[in-house]
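Notes follow once the structure below has been shown.
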Amino acid sequence: MNDSQPVAAAEVPSVVGRYRVIPLIREGAMSNEHSAVADASVQQQLKLPGTLVEDWHDRAIARLGELVASRRGLRVFLDTCTKCGACTDKCHYFLGTHDARNMPVARQDLLRSVYRRYFTFAGRFFPWLVGARKLDKALLQDWYNYFHQCSECRRCTVFCPKGIDTSEVTMAGREILASVGLGQQYSQEIITKVNSIGNNLGMKAPALAHVLESLEEDILEETGVPVRLPLDDPDADMLVVTPSADFFAEPHVDGLIGYAKVLHQSGIRWTFSSAASEAANFALFTGQHDHMRDIALRIRNAAVELNVSRLVIGECGHAWRVAYSFLDALVGPMNFLEAAHPRAQHICELTHELLESGVIRLDAERNRGKVVTYHDSCNVARGAGMGNIKGGQFTIPRELLVASVPQVIDMSRDTTHQRTFCCGGGGGLLTDDLMNVRIKGALPRAQALREVVTSHQVTHLVAICAICKTQLSAVLPHHDLANVQVTSLHQLVGDALLLDGNKANT
Amino acid sequence: MPDCPNPPVVSELLPGILFALVFYWALIATFYRAFIWKRTASPLPIPLTPAPQSRAGVVGRLLLELVLFRSLARASLITWVGSILFHYGLLWLLIMHLRLLFPQLPLALLPFIQFSGWALLAMMSGLLILLLRRCLVDRVRYISSPSDYLHLLLLMAIGITGALIKRHWPADLYSTGEFLRGALTAQWQSLPDSASLMVHLALVSVLMLIFPVSKLIHGIGIVFSPTWNQRER
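Protein sequence lines, in the order shown, are assigned to chains H and C. Quick note on my numbering: the first sequence kicks off at 342 and runs consecutively. Quick note on my numbering: the second sequence kicks off at 112 and runs consecutively.
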């Protein structure tokens with residue numbers, strides 16, 4: 342994961358006013374935004390062609406046919422759109438860039454027009470009537486550009502009267518592109534690293550052990566309590582898998598310290614794994630199901646190897662979607678997990694359980710002076726659940742926040758919960774070469790944040806997703822919100838936690 | 112050749128035969144497409160969360176979408192109003208048309224006949240709203256193909272010819288019913304002598320012809336949408 346610094350060169354978008362004001366379309370406004378294409382070596386490591394193949398047209402069409410025949414969602418979504426326009430003003434990239442092809446339906450139509458031309462009666466015989474197109478080089482280029490201006494956040498799905506999920510179309514588009522030699526460097530390289538080394542950063546086991554040790558020292562110094570951050574502990578009952586950004590990036594690492602404090606206080610024997618030191622699964626972004634399975638299998642294997650009976654996922658949005666929604670289908674059944682916790686749990690769910698049962702206690706006064714607001718991450722909000730209660734992904738983190746901080750303010754309701762706006766950096770876009778897209782895509786979130794900063798003097802924006810944290814830290818300064826601190830939820834929980842043996846408690 | 116039927120008879124029965132062909136094509140092709148959707152594998156569960164945890168909950172969610180167009184109401188109120196007016200106007204009129212299938216009028220259909228003028232008004236206003244939105248809103252215009260406009264115009268033309276039959280150039284109801292019943296049961300009857308009816312039926316036939324191979328089939332697709340029909344475990 343790139344811990345990107347704000348890029349000075351990126352053009353700062355003009356603020357279009359409130360997100361409720363819908364811009365006029367500008368055709369081709371973002372047609373030159375181009376994420377780097379994967380190197381031949383990266384593609385080949387993933388058993389994909391290194392460069393654009395000679396017969397790209399035929400292979401792309403053939404792959405599209407295979408995908409449509411093997412993914413019901415994709416087929417139904419391509420077939421049932423009525424171009425009603427309900428989604429056209431719902432995408433943060435459209436609201437931020439005004440580019441017509443960043444309207445969800447227009448993005449889908451890049452692929453749908455080709456599907457119609459080659460696979461449907463009307464498109465084959467009356468292409469001009471139904472907007473069907475042959476796949477040519479220019480369209481292939483548009484596929485590449487605009488399928489990498491979608492963060493697969495599914496906000497448009499919430500508003501679609503047919504339930505069409507643009508992310509499935511984007512994933513299919515990227516999958517086809519990679520199969521003809523046009524993978525995206527950022528995501529594909531990360532997949533090679535997680536495959537070969539165990540995490541997205543390419544951080545090897547000794548380096549990881551060193552990081553964890555120095556963090557233990559930091560916590561000891563701060564609290565006087567010997568909180569452990571175990572790695573590959575054979576006696577552990579619980580495996581914690583977290584996005585690797587948690588091990589070093591700011592503000593992620595403070596969240597990691599928060600997990601450690603909570604787990605210490607819980608008395609549970611837990612461990613990280615060096616073989617599965619990464620919760621993220623970028624194959625969700627690239628749409629490659631076989632890679633997604635391989636990456637998920639690594640976690641299952643580590644859990645079996647360490648003989649644990651519980652599996653907990655750290656603060657990461659898409660990793661949680663994969664763990665919550667896909668793990669069984671990809672590498673299940675997870676029959677080694679204990680009956681009381683038969684599936685992967687979110688760290689927030691675990692902390693919430695411990696709080697409810699009185700195992701841990703939180704003192705919100707310790708976070709006095711902070712005014713926090715909560716950013717619902719897209720994959721948690723719309724792609725997963727939490728805690729076996731409907732809507733738990735919204736209530737559990739907020740309840741933890743309320744227990745940890747005296748002042749918690751929600752942003753406008755049409756930008757939170759199921760309707761949350763993406764941070765602008767999800768879905769494989771968290772790369773410097775897309776900084777312009779990222780800054781503009783964060784516009785609706787920044788506008789909603791500005792409202793509560795103005796009305797309630799909000800000081801902290803809390804997230805439970807590594808990508809959200811990195812992205813928002815990087816782009817909020819471009820929206821004149823540098824004073825708002827992006828924070829891990831578990832940092833605030835850890836700060837509010839009453840630790841036994843802590844000097845401060847007595 | 113004594114077995115050869117008289118040419119005038121064939122031409123008289125031809126409309127009924129064609130209508131039957133188109134009707135059964137629409138029915139069978141629609142089922143076929145639903146079957147294709149059903150047959151296609153669904154490798155990963157992709158419900159839009161929060162999703163219902165029970166089957167009953169899923170049925171409720173689908174009904175909310177199918178009956179109330181809930182997501183559309185969230186998205187765009189004006190499109191929702193247009194859609195509701197059109198779809199329910201059309202449904203009302205379709206139920207009204209059932210009277211043609213019964214030689215003797217079932218009393219239950221009386222209110223549907225009584226208010227059919229209002230239903231037509233609702234349907235036409237809905238279509239007009241949808242057409243205006245498609246023409247006037249730059250975003251919607253950008254995503255529209257010729258077929259998107261033509262679908263609306265076709266439905267409007269069907270409505271207008273229907274109104275003409277009702278108000279100005281009435282067709283004989285009983286013989287229209289006989290024609291329709293005959294067509295659907297392969298006992299062909301000749302078409303009543305009415306130009307407005309002929310145009311009306313021709314347009315309806317075009318609609319039935321394209322229904323299974325166009326976006327008009329979306330209502331059935333909704334049921335197969337994995338974002339809605341899957342449960343959270």
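The C-beta atom is built at its ideal place from N, Cα and C for all residues, glycine as well.
When C-alpha distances from Phe677(H) are compared across Val713(H), Leu365(H), Ile701(H) and Ile640(H), the shortest belongs to Ile640(H). Spatial neighbours of Arg416(H) in its own chain (CB-CB distance under 6 angstroms, excluding positions within 5 residues in sequence) are listed in chain order as Val409. Here Ile269(C) has His311, Leu314, Val315 and Leu318 as same chain residues with Cβ atoms under 7 angstroms from its own Cβ, once five neighbours each way along the sequence are excluded. If you look at His801(H), you'll find it in the beta strand (DSSP E) that goes His801 to Ala804.
For the 8 angstroms CB-CB criterion, Gly768(H) and Ser382(H) do not form a contact. Of all alpha-carbon atoms in Leu770(H), Thr438(H) and Ser520(H), the one lying nearest the alpha-carbon of Cys494(H) is that of Leu770(H). The beta carbon of Ala447(H) falls within 8 angstroms of a beta carbon belonging to chain C, placing the residue at that interface.
A Cβ-Cβ distance of about 7 angstroms is found for the pair Ile254(C) and Gly426(H), placing them in contact under the 8 angstroms criterion. Below the 8 angstroms Cβ cutoff, chain C contributes Ile147, Trp148 and Thr151 as neighbours of Arg416(H), in chain order. For Leu523(H) against Leu647(H), the beta-carbon gap comes to about 39 angstroms, at or over 8 angstroms, which does not count as contact.
Under the Cβ criterion (8 angstroms, minimum of three pairs), the segment 525 to 536 of chain H counts as touching the segment 615 to 632 of chain H. Met752(H) carries a coil assignment under DSSP once its states are collapsed to helix, strand and coil. The Cβ of Thr756(H) sits no closer than 8 angstroms to any Cβ of chain C.
Contact between Ser618(H) and Ser585(H) holds, since their C-beta atoms are separated by about 6 angstroms, short of 8 angstroms.
Under the Cβ criterion of 8 angstroms, Cys422(H) is counted among the residues facing chain C.
Where Arg416(H) is concerned, there is no enclosing beta strand (DSSP E), although the alpha helix (DSSP H) around it starts and stops at Arg413 to Thr421. Under the 8 angstroms criterion on CB atoms, Arg250(C) is classed as interfacial with respect to chain H. Annotation: the continuous beta strand (DSSP E) that includes Ile654(H) extends over Arg651 to Ile654. Annotation: Asp635(H) to Tyr665(H) spans about 17 angstroms, alpha carbon to alpha carbon.
Interface criterion not met: the Cβ of Cys763(H) is under 8 angstroms from no Cβ in chain C.
Within 8 angstroms of the CB of Ile654(H), no CB atom of chain C is found; the nearest one sits about 16 angstroms away. Contact annotation: in the segment 225 to 244 of chain C, residues whose CB is within less than 9 angstroms of a CB in chain H are Leu241 and Arg244. The residues Arg458, in chain order, have a CB closer than 6 angstroms to that of Pro468(H) in the same chain once the five nearest residues on each side in sequence are set aside. Using beta-carbon distances, Gly472(H) counts as an interface residue toward chain C, with a partner under 8 angstroms. Looking at the DSSP output, Gln525(H) shares a beta bridge with Val378(H). Taking 8 angstroms as the cut-off, the beta carbon of Gln748(H) is found closer than this to the beta carbon of Lys711(H). With 16 or more neighbouring CB atoms inside 10 Å of its own CB, Trp191(C) falls in the buried class. With a cut-off of 8 angstroms on Cβ pairs, the segment 161 to 168 of chain C is not in contact with the segment 195 to 211 of chain C, counting fewer than three such pairs. Tyr715(H) is bridged by DSSP to Val803(H). In the structure shown, Trp280(C) falls within a coil segment according to DSSP collapsed to helix, strand and coil. Residue pairing by DSSP places Asp440(H) opposite Arg367(H) in a beta bridge. The residues Ser372, Glu374 and His375, in chain order, have a CB closer than 7 angstroms to that of Asn486(H) in the same chain once the five nearest residues on each side in sequence are set aside. Out of Leu822(H), Ala807(H), Cys809(H) and Thr438(H), the CA that lies nearest to the CA of Gln788(H) is found in Leu822(H). In the DSSP annotation of this structure, the continuous segment of the beta strand (DSSP E) that includes Leu580(H) starts and ends at Met579 to Val582.
For Val603(H), the uninterrupted alpha helix (DSSP H) segment begins and ends at His593 to Ser607. Considering only beta carbons, the part of the segment 491 to 518 of chain H lying closer than 8 angstroms to chain C consists of Arg495, Thr498, Val499, Phe500, Cys501, Pro502, Lys503, Gly504, Ile505, Asp506 and Glu509, in chain order.
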